[in-house]
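*Asks:* Residue numbers (mature numbering (1 follows the signal peptide of the UniProt record, and there is no 0)): -18 to -1, 1 to 163. Built from N, CA and C at the ideal position, the CB exists for glycine as well. Remember, predicted model here, so these are calculated numbers, not experimental data.
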Amino acid sequence: MKRLIFALVITLNFLANAKAQQIDRFVFSSGNGSATNAYGESVQFTIGQAFFTESLSNNKSEIITQGFEQPIAFDNLLIASAAFKDLSLLKLDVYPNPAVDYTELELNLIDHDGAKVMLIDTWGQVVKTEDFQVPAGNQKLHFNLGTLADGVYTISVKANKRSYAKKLIVSNTRSRSVGNF
């Protein structure tokens, strides 16, 4: 009987101190901080933390949170839908590609500031620049390449208070002759 009571005491003591279902929250990080906007909403962050994902619900919608710093209460949670953005404003079309003498650039300008087009070689040097003063709206810009050497270039367009970039292959050799072997 003494052995049974001793075994019971040891088992209860072991179960009372067991922490098998508890995970201590600590992280090795390189920095942290918080930010608050004009509406009083704040965000805390840790740089370099290991991520885990948790799905939370407030009976209206679900949100996914990441990291160790998780919100506790969701009484005043409001999830608004994302604002619609016209993706055609973010698009730059460059053709023909590969180009010989010129290339056409198509983009939608939202302001009257025009567009600045730069051609950059593989070394990062600007080899040609042209400013286009055109009104707002869908525009097709004709960019003369001149006598550029054959190669791969980056065509960079600054418009709509943004920068757009595309790869452009220039092949100024119109016809290649094949010699007799």
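Grouping DSSP H, G and I as helix and E and B as strand, with all else coil, what is N14?
*Replies:* DSSP places N14 in strand when its eight states are reduced to three.
*Asks:* Could you check if A20 is buried or exposed, using at least 16 other CB atoms within 10 Å of its CB as the buried criterion?
*Replies:* Classification for A20: exposed.
*Asks:* Return the first residue and the last residue of the beta strand (DSSP E) that K110 is part of.
*Replies:* Note, K110: beta strand (DSSP E), 108 to 114.
*Asks:* What did DSSP end up calling K(-17) once you bin it into helix, strand or coil?
*Replies:* DSSP places K(-17) in helix when its eight states are reduced to three.
*Asks:* Near D25, what residues of its chain come up, given a Cβ to Cβ distance below 6 Å and the 5 sequence neighbours on each side ignored?
*Replies:* The sequence given here has Val at residue 25, not Asp. Taken in chain order, the residues that qualify are A17.
*Asks:* Per the DSSP calculation, F27 is bridged to which residue(s)?
*Replies:* Paired residue(s): G15.
*Asks:* DSSP three-state label for T129, please.
*Replies:* Coil, per DSSP.
*Asks:* Looking only at its own chain, which residues have a Cβ that is under 7 Å from the Cβ of S142, when we skip the five neighbours before and after it?
*Replies:* Here residue 142 turns out to be Asn, not Ser, going by the sequence shown. So the qualifying residues of the chain are L71, L91, I92, D93.
*Asks:* Have a look at the DSSP bridge pairing and note the partners of H124.
*Replies:* Partner(s): E86.
*Asks:* Since F114 and G128 are thought to touch, with beta carbons under 8 Å apart, how far apart are those beta carbons, to the nearest angstrom?
*Replies:* The pair is not a contact, with the Cβ atoms about 16 Å apart (cut-off 8 Å).
*Asks:* Mind the definition here: the region 104 to 119 touches the region 71 to 82 only if three or more C-beta pairs lie below 8 Å; say whether that holds.
*Replies:* With a cut-off of 8 Å, the region 71 to 82 and the region 104 to 119 do not count as touching, because too few Cβ pairs lie within range.
*Asks:* With a Cβ-Cβ cutoff of 8 Å, do L89 and Q121 count as a contact?
*Replies:* Cβ distance < 8 Å, so L89 and Q121 count as in contact.
*Asks:* Where does I92 fall in DSSP's three states?
*Replies:* Here I92 sits in coil by DSSP.
*Asks:* Which residue wins for smallest C-alpha separation from K110, given the options G119, I(-9), N126, A118?
*Replies:* Looking at the Cα atoms, N126 is the closest of the given residues.
*Asks:* Give me whichever residues DSSP pairs with Y21 in a beta bridge.
*Replies:* Paired residue(s): none; Y21 is not in a bridge.
*Asks:* Thinking C-alpha only, which one of V108, I137, V116 is nearest Y84?
*Replies:* The option with the nearest alpha carbon to Y84 is I137.
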